[in-house]
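The next block holds one structure in the form of structure tokens; read it before the comments.
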Amino acid sequence: MTRKLLAVTVALLPMITVIACGGGGETPPADAPAASTPAASGGEMIDPATIADAGGVAGSVQFAGSDPELQVIQMAADPYCLSSHSGEVVAQRVMVNANGTLAQIFVYVKEGLEGKSFAVPAEAARLDQQGCMYMPHVIGLQTGQTLIVSNSDDTLHNVNAQPSNNTGFNIGQPVAGMEYEHAFENPEIMIPVKCDVHPWMSAYIGVVANPYFTITDAEGNFSIDRLPPGDYVLEAWSEGLGTQTINVTVAPNETAEANFSFGT
Amino acid sequence: MAKKRKGVYYYDIDKLNFIFAMLAIATLIGVAWMIWDDYAREWKSYQRQFRVIETEVTQQQLADVEAQVDQQELTRLQQQRDSAEESLAAQQEAFSALQDELVSAQKVLDQADQESRFAGSTFDARRWEYEEAAHAGGGEAPRQLARMEEAAAAVAETRAHLEEVTTERDRIQGEIDELLANLDDALAGLASMAREIERLQDRLDDLRFGFVYAVRNAPMLDALNPSLRIKQAVIDDLPVDLNFAGAPRVDRCETCHLGIANPALEGQQQPFAAHPRLDLFVADTSPHPMGEFGCSSCHLGKDRATSFVSAVHTPDSESEEHRWVDEHGWAPTHLWEWPMRPSYETEASCLKCHMDDTWLPDAPVLEYGLELVETLGCYGCHALKRFEEARNTGPSLEHVGVKTTQEWAYGWVSDPKGFRPDTPMPSFFGNENNSDEYWQSRNVVEADSMVAYVFESSTDIELETPSRGGDVASGLQLFESVGCQGCHIADEPGSEGFPTDEPRFTGYRFRGPNLFGIGSKVNEDWLYTWVKGPEHYWAETVMPNLRLTDTEATDLTAYLMSLRQPGWENQSLPEVDEALRDDVLLEYLRNQLSSVDAEARLAAMDNHEKRLLLGQQLIARYGCNGCHTIPGFEGSGRIGTELSAWGSKAVAQLDFGLLDLPHERRAFLEQKLEAPRSFDDGKVKAPQELTRMPDFVLTDEEVGAISTAILGYTDEEIPDSKKPEKTPRREAIEAGRQLIDKYSCRSCHILEERGGAIRTVIAEQGMAEGRTRPAALAFAPPNLRTQGARTQPDWLYTFLHGPELIRPWLSVRMPTYGFTDEELNTLTMYFAAVDDAPYPFDEKFTLAHSYPRDMVRAGDRLASDDILKCFRCHVREGVTPATDPSQWGPDLALAADRLRFEWLQDWIADPQAIMPGTSMPQYFTDLSPGSSPYVDRVRGNAPILDQDPVTQIEALASYIMSLGQR
């Protein structure tokens, strides 16, 4: 009887020891941390310069409405502004070219590049204040790209950018030659910029996640190059006339055509 | 082969053996079943499932951490370690020699140290002997002196030796450290990089299902040290109420809700999800850590339970209930007074500790419910904590006779929602228990007598009369610009202009009555007198004085009088059934008199007297004086049940009548709020026995919020240690918040990030004029963020007492409130307390009103039109700038008396940080020394204050503060 009990105890002993010790298996010494995988944040990285069969899209923006009334800006509140222009200055809202097309239309690839990412351009874009007007009035940026806001006027400007999807800024530039750098992290069409001292001053910044954006010229033309072949949605934005989209298919090594037309 | 045993037995042994065998087997099975049943607990299966989930999550975390490791840094550290080890190996001989040297040096040092201490002791002994000898006199002294000096020399000698050998030891140690420095450095770096990884790997090892796991958690053996175990938090000072006895709270919820504190498990399926507000609850860093507050103290349910059903979970919806019945065999647990709160009711529990918090932004439903209780005036009839001192929710009726007519008042009392659907005044007539034919006639009698009493007891006061006809258009323009719309709507509910962005009743813009149809209610003289000075008619009103001129008041009156409800004009008083009135009055007289006396009393009264007496009786019955001041009812008590501990009321004490309702507190309460009189359905009651709670005509959302608030009123006693700490700062803030609510400051101003309701109106108006939204909002009343840090208490006191013009371009006005001294002090203290600013004295404006002259001069240069051009936008000593008024900034000459010097510097440095969206630009984007771009352009670009931005800002602030003083 005693012997039996002993046998059972002996048999159970190692088990009990295991249990009583909490059963914590030895932790293997943490050697070097495992190798990491490269952070894949924005998906496939594309360099427009090296796309083998890149195509493009080009076209123009027509204006079908009646010519808008030109608004003459009253600059009398600031003698400096007044003296920096010899003639009348008109507001840059809807700019109809001599050939009936529209200038200052922001055109960009809205859809079709999902899952692709692009290097942030090294060169900065510049928004200058000249003669109490923004130059240019419409400007495009890639996300993360540096924007330099500079003041060529020897008068007080403040630059009040009021984005809804980005960090804004409101800086004072009271003397000529001042510069301020800023970058927007998120795409946004469009970020309004104004000057509280000169209420007529306004500019618009379009921030796009890809490098495929442009602004129509004095003939109303635009072209976007080095696009990978594929189907895209192109959008044109006009201050005062809203936005329009067009579906385009870009074939390898070919330039597709896309023409917008805005009415009033 | 079984042979019959020999001998004679009384029983058949074989049969008996068989029976015993069967019983033994049955017992064995029974024991095994018992062990298994005891072992196979519901919670263990959850814990096993959770191990799988936690393993996955931990593996993911490990992968993430590993992916984040800086590979370059890792390689560098590894190389450093390897090369350090190599170089150490190369110098192995020298290193060993050094170590040997260190050992012997340490020995010498210890020896020297001992000698030095002995020498010190010897000196002390001899000094004492010398002192004794010298004191005793005699010839012994010189000898002892010599001995002492000898000892002193030994002390000096040994100490010098000690210092010498210590230096030697330190030198050797230094050399060793130098040899090892590189290696130690690398090892420490590697260890810190691997720490989190090691922790996660350890955790993964713990989570492995293996032999050890199986043994630890085997039936019977799991009595020793299982890894599947009940987890509990014991909260001694928040006991569970077990009717007449309190038991310590032992919350075992975490036994199944295993991921409750793990942020990585947010949104997991139940029961493994993390708490949705770890910033507020459960986490050790939150204000309510689980170890201190537990779970059931807020969620209720049965604290010690470890199964789904016994924990008394409560479903949120019927569909959830069906699912629970299928999945868990759920059924309501009777006789447990504290079933878990459904999730939409959880906030009710906040109230027991936060009873003194004025605002509860983290408990929006509870806060809304409490606001409704306040606006609807529930405390007029039901005593309620928090509202002991609350003012009457309805207007005073002391002088109602000069304001409106009996005809209008009769219509109003009969059906208030008919005139104004969003009024907080409830309906007393035409409800579930007083709509039959008899009651239709009786309602006329009752309403008529009550109106008669109120108008009879009303006293006249003098009214002013406008001297000319007002202009409706200018009146409308005033109404839309001076700020009336911060508190008043003037649109029919449901119409196009009626605001939908705020809840009716409690929205800031609903603080005053809706003025829709006001012209059909009040007379012109009353309205003119009222808008000129509301305190004349009603001393306790919270309506402020807008300092209107006579012309403005006339025009505003004309506009308001033009708001009509044609159906409510030219009304007449009803035909009253006099016999019925006699019956009703007799009924009331019999409450106090014998039938004979009552009839005699009735017979002695004329019609007018009967009307008044009945009116008085009815006002007392319906408790009109709970919300209105009515002469003759001063000091009368509340007619309803006290609700301050209603949330703890036993369900058995609630009378559900004949209604088919679940027997739960919430069901009772919701029914009471939705259809107050429905509890009389099917009951036989005398008229005065009927339920008299009026109908507020509430939406489901309103009913839900009020129920949550009332259910939060419990009789639990909470120790102070669990409540928010009462600091003087906190008390100052709470007192201020109560005044802010009382006077509805947030109708116009943003305070503590909420309010500013009038901004919607101003933005719409400005945008209609073609401004952008931010430009339009430049005309809104200021956001009062950092007000306490910004302004001097003296100035704030004076301003609140009698507002002065700061922003002349605003058409909206800061009105004059008749703040008492106490209120003014409370408010100024509140603002300082919110920003933790010095109060009431601040060195900068209390002691030193002068700023250094060179700083002021430098500031003057900087602010001038050559450099920063401050006065392009800011008004300067009354001189307005040439720009559009929407771009103007306050007169800088007001700063000296108004602003705090420190705040002004912060403001100039980064206005956006203080007031996002302000049109004040940031002039100094870089504050590093010497980086300022602003030089003295008049004096050949000479540097100003070494181009240091911080000093330049200080100079600007000094200059601005000096402006008003010159």
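Protein chains in written order, with our numbering: chain A, 1 to 264; chain B, 265 to 1230.
Beta carbons: idealized from backbone N, C-alpha and C, even for Gly.
By the criterion of Cβ-Cβ separation under 9 Å, what are the contact partners of residue i in chain A?
{"i": "T1147(B)", "result": "A77, D78, D196, V197, H198 and P199"}
Can you pull the chain A residues whose beta carbon is under 7 Å from the beta carbon of residue i, in chain order?
{"i": "R1240(B)", "result": "Only positions 265 to 1230 of chain B appear in this structure, which leaves residue 1240(B) out of reach."}
{"i": "P1038(B)", "result": "Q162"}
Do residue j and residue i come within 8 Å of each other at the CB atom, strictly closer than that value?
{"i": "G1052(B)", "j": "A1097(B)", "result": "yes"}
{"i": "A203(A)", "j": "V193(A)", "result": "yes"}
{"i": "T255(A)", "j": "A58(A)", "result": "yes"}
{"i": "G112(A)", "j": "V207(A)", "result": "no"}
{"i": "E1017(B)", "j": "V967(B)", "result": "no"}
{"i": "L779(B)", "j": "K796(B)", "result": "no"}
{"i": "L850(B)", "j": "E842(B)", "result": "no"}
{"i": "S152(A)", "j": "A176(A)", "result": "yes"}
{"i": "Q92(A)", "j": "H137(A)", "result": "yes"}
{"i": "L464(B)", "j": "L362(B)", "result": "no"}
{"i": "H1231(B)", "j": "L1091(B)", "result": "Here chain B has residues from 265 to 1230 only, and residue 1231(B) is not among them."}
{"i": "G896(B)", "j": "A716(B)", "result": "no"}
{"i": "A1044(B)", "j": "I1026(B)", "result": "yes"}
{"i": "S66(A)", "j": "T101(A)", "result": "no"}
{"i": "L286(A)", "j": "K1133(B)", "result": "For residue 286(A) there is no data in the structure shown, the boundaries of chain A being 1 and 264."}
{"i": "I299(B)", "j": "M484(B)", "result": "yes"}
{"i": "D819(B)", "j": "G747(B)", "result": "no"}
{"i": "R1037(B)", "j": "I1014(B)", "result": "no"}
{"i": "L1126(B)", "j": "I1208(B)", "result": "yes"}
{"i": "L1168(B)", "j": "I1070(B)", "result": "no"}
{"i": "R1010(B)", "j": "Y772(B)", "result": "yes"}
Note down, in chain order, every chain B residue with its Cβ under 8 Å from the Cβ of residue i.
{"i": "G172(A)", "result": "L1132, P1185, Q1186 and Y1187"}
{"i": "V175(A)", "result": "I1131, P1197, Y1198 and R1201"}
{"i": "M178(A)", "result": "P1197"}
With residue i and residue j assumed to form a contact (beta carbons below 8 Å), what rounded beta-carbon distance in angstroms separates them?
{"i": "L844(B)", "j": "G783(B)", "result": "Contact flag wrong, Cβ pair sits at about 35 Å."}
{"i": "C1137(B)", "j": "V197(A)", "result": "7 Å"}
{"i": "D225(A)", "j": "G56(A)", "result": "4 Å"}
{"i": "Q835(B)", "j": "W672(B)", "result": "6 Å"}
{"i": "G777(B)", "j": "T687(B)", "result": "The sequence shown places Pro at residue 777(B), not Gly. Right, their Cβ atoms sit about 7 Å apart."}
Residue i touches chain A at which residues, Cβ-Cβ below 8 Å?
{"i": "F1151(B)", "result": "What sits at residue 1151(B) in the sequence shown is Gln, not Phe. The contacting residues are D196, V197 and P199."}
(message) Across the region 634-644 of chain B and the region 959-977 of chain B, are there enough close Cβ pairs to call them in contact, namely three or more that are closer than 8 Å?
(response) With a cut-off of 8 Å, the region 959-977 of chain B and the region 634-644 of chain B count as touching, because enough Cβ pairs lie within range.
(request) Determine contact between the region 127-135 of chain A and the region 209-228 of chain A, defined as no fewer than three beta-carbon pairs at a distance below 8 Å. (result) Not touching, per the Cβ criterion.
(request) Indicate whether the contact test is met: 3 or more Cβ pairs, each with one atom in the region 304-320 of chain B and one in the region 541-552 of chain B, closer than 8 Å. (result) Not touching, per the Cβ criterion.
(message) Tell me which residues of the region 1165-1186 of chain B have at least one Cβ-Cβ distance to chain A shorter than 8 Å, keeping chain order.
(response) The residues in question are P1175, Q1176, G1181, T1182, S1183, M1184, P1185 and Q1186.
(message) With a threshold of 8 Å, are at least 3 pairs of Cβ atoms found where one atom belongs to the region 381-393 of chain B and the other to the region 410-419 of chain B?
(response) The region 381-393 of chain B, when compared against the region 410-419 of chain B, does touch it at the 8 Å Cβ threshold.
(message) For the pair the region 142-156 of chain A and the region 64-77 of chain A, tell me if three or more CB-CB distances fall below 8 Å.
(response) Contact fails between the region 142-156 of chain A and the region 64-77 of chain A, because fewer than three Cβ pairs, one in each stretch, are under 8 Å apart.
(request) Determine contact between the region 675-693 of chain B and the region 953-960 of chain B, defined as no fewer than three beta-carbon pairs at a distance below 8 Å. (result) Touching, per the Cβ criterion.
(request) Evaluate the contact criterion for the region 560-578 of chain B versus the region 516-528 of chain B: three or more CB pairs, one atom per stretch, below 8 Å. (result) Touching, per the Cβ criterion.
(message) Closer than 8 Å is the cut-off here; do at least three beta carbon pairs connect the region 944-954 of chain B with the region 915-930 of chain B?
(response) Cβ pair count under 8 Å is three or more, so yes.
(request) Flag this pair as touching only if the region 673-681 of chain B and the region 901-919 of chain B have three or more C-beta atom pairs under 8 Å; answer yes or no. (result) Verdict: no, contact absent.
(request) Mind the definition here: the region 1140-1147 of chain B touches the region 991-1005 of chain B only if three or more C-beta pairs lie below 8 Å; say whether that holds. (result) Short answer: they don't touch.
(request) May I ask you to verify whether the region 975-988 of chain B touches the region 600-616 of chain B, counting CB pairs closer than 8 Å and requiring at least 3? (result) The way I'd put it, the region 975-988 of chain B does touch the region 600-616 of chain B; three or more beta-carbon pairs between them come closer than 8 Å.
(request) Decide yes or no for the touch test of the region 420-428 of chain B against the region 349-363 of chain B: beta carbon pairs closer than 8 Å, at least 3 of them. (result) At 8 Å Cβ cutoff, the stretches do not touch.
(message) Using a Cβ distance threshold of 8 Å, determine whether the region 1213-1230 of chain B contacts the region 1173-1193 of chain B, with at least three qualifying pairs required.
(response) Yes: the two stretches touch, three or more of their Cβ pairs being nearer than 8 Å.
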